[in-house]
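Colleague: Under the numbering used here, the residues of the first sequence are numbered 186 to 685, in order. Ideal Cβ placement from N, Cα and C applies to all residues, glycine included.
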Amino acid sequence: MTDPTPDAASAAEDGTDLLAVRRAKLDRLRAAGVDPFPHDFDGVEPIAEVRARHEGLEDGAETDVRHRIAGRLRARRGQGKMAFLDLDDRSGRIQLQAKLDVLGPEVMSRLLDDVDLGDLIGIDGVAFMSRRGELSIRVEAITVLAKSLRPPPDKHHGLQDQEVRQRRRELDLIGNEDTRRAFVMRSRIVSEIRRFLDGEGFLEVETPVLQPLYGGALARPFTTHHNALGRDLYLRIATELYLKRLIVGGLERVYELGKNFRNEGISHKHNPEFTMLEWYEAYADVEDAADRLEACVSHVAAAVGYEGEIRWTEPWARKTLAGAIEEETGIDVLAHRTSESLAAVVRASDRTDVDPDGRTWPQLVDDLLSKDVEPKLQQPTMLFDYPVELSPFAKRKRTETGEDTGLVERFEAFALGMEIANAFSELNDPDEQRRRFEEQARLELEGDDEAQQYDESFVEALEQGMPPTGGLGLGIDRLVICMTGRSTIREVVLFPTMRD
RNA sequence: GCCUCGGUAGCUCAACUGGUUAGAGCAGUGGACUCUUAAUCCGAAGGUUGAGGGUUCGAGUCCCUCCCGAGGCACCA
Numbered sequence: 186m187t188d189p190t191p192d193a194a195s196a197a198e199d200g201t202d203l204l205a206v207r208r209a210k211l212d213r214l215r216a217a218g219v220d221p222f223p224h225d226f227d228g229v230e231p232i233a234e235v236r237a238r239h240e241g242l243e244d245g246a247e248t249d250v251r252h253r254i255a256g257r258l259r260a261r262r263g264q265g266k267m268a269f270l271d272l273d274d275r276s277g278r279i280q281l282q283a284k285l286d287v288l289g290p291e292v293m294s295r296l297l298d299d300v301d302l303g304d305l306i307g308i309d310g311v312a313f314m315s316r317r318g319e320l321s322i323r324v325e326a327i328t329v330l331a332k333s334l335r336p337p338p339d340k341h342h343g344l345q346d347q348e349v350r351q352r353r354r355e356l357d358l359i360g361n362e363d364t365r366r367a368f369v370m371r372s373r374i375v376s377e378i379r380r381f382l383d384g385e386g387f388l389e390v391e392t393p394v395l396q397p398l399y400g401g402a403l404a405r406p407f408t409t410h411h412n413a414l415g416r417d418l419y420l421r422i423a424t425e426l427y428l429k430r431l432i433v434g435g436l437e438r439v440y441e442l443g444k445n446f447r448n449e450g451i452s453h454k455h456n457p458e459f460t461m462l463e464w465y466e467a468y469a470d471v472e473d474a475a476d477r478l479e480a481c482v483s484h485v486a487a488a489v490g491y492e493g494e495i496r497w498t499e500p501w502a503r504k505t506l507a508g509a510i511e512e513e514t515g516i517d518v519l520a521h522r523t524s525e526s527l528a529a530v531v532r533a534s535d536r537t538d539v540d541p542d543g544r545t546w547p548q549l550v551d552d553l554l555s556k557d558v559e560p561k562l563q564q565p566t567m568l569f570d571y572p573v574e575l576s577p578f579a580k581r582k583r584t585e586t587g588e589d590t591g592l593v594e595r596f597e598a599f600a601l602g603m604e605i606a607n608a609f610s611e612l613n614d615p616d617e618q619r620r621r622f623e624e625q626a627r628l629e630l631e632g633d634d635e636a637q638q639y640d641e642s643f644v645e646a647l648e649q650g651m652p653p654t655g656g657l658g659l660g661i662d663r664l665v666i667c668m669t670g671r672s673t674i675r676e677v678v679l680f681p682t683m684r685d
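1. Kindly list the residues whose CB is nearer than 6 Å to the CB of Gly528, restricted to its own chain and excluding five residues on each side of it in sequence; keep chain order.
2. Taking the beta carbon of His410 as the centre, do at least 16 other beta carbons fall within 10 Å, making it buried, or is it exposed?
3. If you drop the 5 nearest sequence neighbours on each side, which residues of the same chain put their C-beta closer than 8 Å to that of Asn456?
4. Could you give the uninterrupted runs of the beta strand (DSSP E) lying entirely in the stretch 425-482, keeping only those of 3 residues or more?
5. By the three-class DSSP mapping on this structure, what secondary structure does Arg503 have?
6. Once the 5 residues before and after Thr190 are set aside, which same chain residues still bring their CB inside 8 Å of it?
7. Using DSSP bridges, identify the partner residues of Thr654.
8. Residue range of the alpha helix (DSSP H) that Lys210 falls in?
9. Per DSSP, which one or two residues make a beta bridge with Asp517?
10. For Glu391, which residues of its own chain have a beta-carbon under 8 Å away from its beta-carbon, when the five flanking residues on both sides are left out?
11. May I ask you to verify whether the stretch 552-568 touches the stretch 504-518, counting CB pairs closer than 8 Å and requiring at least 3?
12. For Thr187, count the other beta carbons within 10 Å of its own beta carbon; 16 or more makes it buried, fewer makes it exposed. Which is it?
13. Can you give me the start and stop residues for the beta strand (DSSP E) that Val311 sits inside?
14. How is the alpha helix (DSSP H) around Met683 delimited, first residue to last?
15. Starting from the C-beta of Val324, find all residues in its chain whose C-beta is less than 6 Å away, skip the five residues before and the five after it, and write them out in chain order.
16. In its own chain, which residues sit with a C-beta less than 6 Å from the C-beta of Asp552, not counting the 5 before and 5 after it?
17. For a minimum of 3 consecutive residues, which ranges assigned as the beta strand (DSSP E) are wholly contained in the stretch 388-424?
18. Suppose only complete runs of 4+ residues qualify. What are the alpha helix (DSSP H) ranges in the stretch 591-676, listed by chain order?
19. In three-state terms, what does DSSP make of Ile495?
20. Evaluate Gly245 with the Cβ neighbour count: other Cβ atoms within 10 Å of its Cβ, from every protein chain shown; 16 or more gives buried, anything less gives exposed.
21. State the Cα-Cα distance for the pair Gly343 and Arg438, rounded to the nearest angstrom.
22. Have a look at Glu597 and Glu525 and give me their C-alpha separation to the nearest angstrom.
23. Once you ignore the five residues that flank Ala626 on each side, which residues in its own chain have a CB closer than 6 Å to its CB?
24. Keeping to the same chain, check which residues put their C-beta closer than 7 Å to that of Arg686; ignore five residues upstream and five downstream.
25. Have a look at Arg496 and Leu562 and give me their C-alpha separation to the nearest angstrom.
26. Give the DSSP bridge partners of His142, in chain order.
27. First and last residue of the alpha helix (DSSP H) that includes Glu291?
28. How many Å lie between Leu296 and Phe226 at the Cα?
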């Protein structure tokens, strides 16, 4: 910045311009020969470790243990010959005691007059227990580590404004302990998932985000353009098809944990970019995927110390989709296999408010599921046996007679009234897969802009021979919502998509 | 995309059915204070009430348009 104008200088003096006040202090530090942005600060101890070291110290007890800590200054009490301050680091908070007779007038003034709330400072000092039983550090030396030129969020109320909390997540993290806890929990959940799958012999892999065709889910994509190749590419909506090619290649157990992108609405459970885990296991089917999902999620819940209302431990409830719909609505969708007959029953029912006009049979089934069943599934529940029309990559359901039920071997898992996972016995018959793509192509011609694109290279991969395979997708954001007790995806995504 | 609600000081919130000069706490600022912890006490300061237009003697408050957010619907795993 340039020199403050006379107006700015007077605004700094009377304290009306908060930014100018801070810049004036920055200038004072520099004038006193203090570097307000030094390069490092060696030998810092996490505050939590300092606390652990002195656990059980009696009220009023002194120690001769010297500590070096660093963090953001959060609060300050007292302005005279002694002051107390609170310092935050990533591991916790600790009280500092600054005494004039220890520091001398010059250092005391630096701490009280030139350092602001929100500044990053380093402290050398001795631990003691205050008379009121608060572990504290008696400051012997301070080091300015970075001047904060903007005021921090309210020290007591934190930052409440939803918009600012999401657009300026750093402020949310500084001001709101809850937010910090939730995102620490998210990181631990993700690393426990990796630990679990790695322990089961899975390989973590990376497949393309930029794809010439989009597939593996029913959704509209984001489109972008590659200049040198002179062609459009799509941001992936799923990792499914590439991962199955790796199963063909013999990797046998693979997973990918990363972002998918879907060009659709934003809601409390939808963000345009979201984190998905997909795994594929050779010589396994949908039942194996279900067992592994239970094992994985209950491991994660225990490892991160989940303490909420959801019972993640095995076994989870398992039902059929049709059974669950009948339970909630009294409608047996399998007894009415055409859109007309199902629509008639839906219309006649007083237990659902689904509007059947213009809906196909699979759409109606989906409507009944999402309106009448899904909201009821608060505890972890897996629903099996989905209509083939909604599942272009799943194997048809085995039956004793060999008859075609129109169902596939697939389940979706739900918790807190949200879908969190989706799995099936992967279709590995290339001719059947080709027919499913052709059916999707027909739907696209009819104007369904979410139909699957015909992916010939994927069919060729299946022609190479894919072993029987169980695959699963787990929505990480939604799992984190459940495990952190948050109500929306925006609370568990660091920087959710916002308007400009 | 549609409906409803909201946007007031840097932050957290007030302001009855349209009526004096839009209030308070925190932060900041000047001062007092050597065990405080949402420290306390005294003083002064801080506002284009999201933006723009309109109705009215008078608008934070009513109407219109736009921006941003929240909730719901639609779309969608």
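Modeller: In brief:
1. Residue 528 sits at position 343 when you count from the first residue of the first sequence. Contrary to the premise, residue 528 reads as Ala rather than Gly in this sequence. Closer than 6 Å at the Cβ level, and outside the excluded window around Ala528, lie Pro541.
2. Looking up residue 410 in the first sequence gives position 225. When all chains shown are included, His410 counts as exposed.
3. Taking the first sequence and counting its residues from 1, the one referred to as residue 456 is at position 271. These residues qualify, in order along the chain: Asp662, Ile674, Arg675, Val678, Pro681, Thr682.
4. 438-446, 458-467
5. Walking along the first sequence from the start, residue 503 turns up at place 318. Strand, per DSSP.
6. Here residue 190 is taken as the residue at index 5 of the first sequence, counted from 1. With a pLDDT of 47 at Thr190, under the threshold of 50, the modelled position of this residue cannot be trusted; read the value that follows with caution. So no residue of the chain qualifies.
7. Stepping through the first sequence from its first residue, residue 654 is reached at position 469. Partner(s): Ala467.
8. Here residue 210 refers to the residue found at position 25 when the first sequence is read from its first residue. Its alpha helix (DSSP H) spans residues 203-216.
9. Mapped onto the first sequence, residue 517 falls at position 332. Looking at the DSSP assignment, Asp517 forms no beta bridge with any residue, so it has no partner.
10. As a working note, residue 391 is residue 206 in the first sequence. Result list for Glu391: Glu441, Gly443, in chain order.
11. yes
12. Here residue 187 corresponds to residue number 2 of the first sequence, with the count starting at 1. Confidence at Thr187 is low in this model, with a pLDDT of 37, below 50, so the placement of that residue should be treated as unreliable; the coordinate-derived value is given next. So Thr187 ends up on the exposed side.
13. What you label residue 311 is simply residue 126 of the first sequence in a count that begins at 1. Per DSSP, Val311 belongs to the beta strand (DSSP E) from 305-314.
14. The residue you call residue 683 lines up with position 498 of the first sequence. Here Met683 belongs to no alpha helix (DSSP H), and DSSP marks it neither H nor E.
15. Taking the first residue of the first sequence as position 1, residue 324 is located at position 139. Contacts found: Leu281, Ala283, Ile308, Gly310.
16. As a working mapping, residue 552 is identified with position 367 in the first sequence. Counting only Cβ-Cβ distances below 6 Å, and skipping sequence neighbours, we find Val539.
17. 408-411, 416-420
18. 615-630, 641-649, 661-669
19. Here the question's residue 495 lines up with position 310 in the first sequence. Ile495 falls in the coil class under three-state DSSP.
20. Here residue 245 refers to the residue found at position 60 of the first sequence. Exposed, since its Cβ has fewer than 16 Cβ neighbours within 10 Å.
21. Walking along the first sequence from the start, residue 343 turns up at place 158. Walking along the first sequence from the start, residue 438 turns up at place 253. When rounded, the distance between both Cα atoms is 45 Å.
22. The residue given as residue 597 occupies position 412 in the first sequence. The residue given as residue 525 occupies position 340 in the first sequence. Roughly 26 Å between the two C-alpha positions.
23. As a first step, residue 626 must be located in the first sequence, where it is residue number 441. Here the set comprises Tyr639.
24. The structure shown does not extend to residue 686, since the chain is modelled only from 186 to 685, so the question has no answer here.
25. To locate residue 496, count along the first sequence from 1; it is residue 311. To locate residue 562, count along the first sequence from 1; it is residue 377. Approximately 12 Å, taken between the alpha carbons.
26. Residue numbering for the chain in the displayed model covers 186 to 685; residue 142 lies beyond these limits and cannot be assessed.
27. Taking the first residue of the first sequence as 1, we reach residue 291 at position 106. Glu291 -> alpha helix (DSSP H) spans 285-294.
28. Mapped onto the first sequence, residue 296 falls at position 111. Mapped onto the first sequence, residue 226 falls at position 41. Their Cα atoms are separated by approximately 18 Å.
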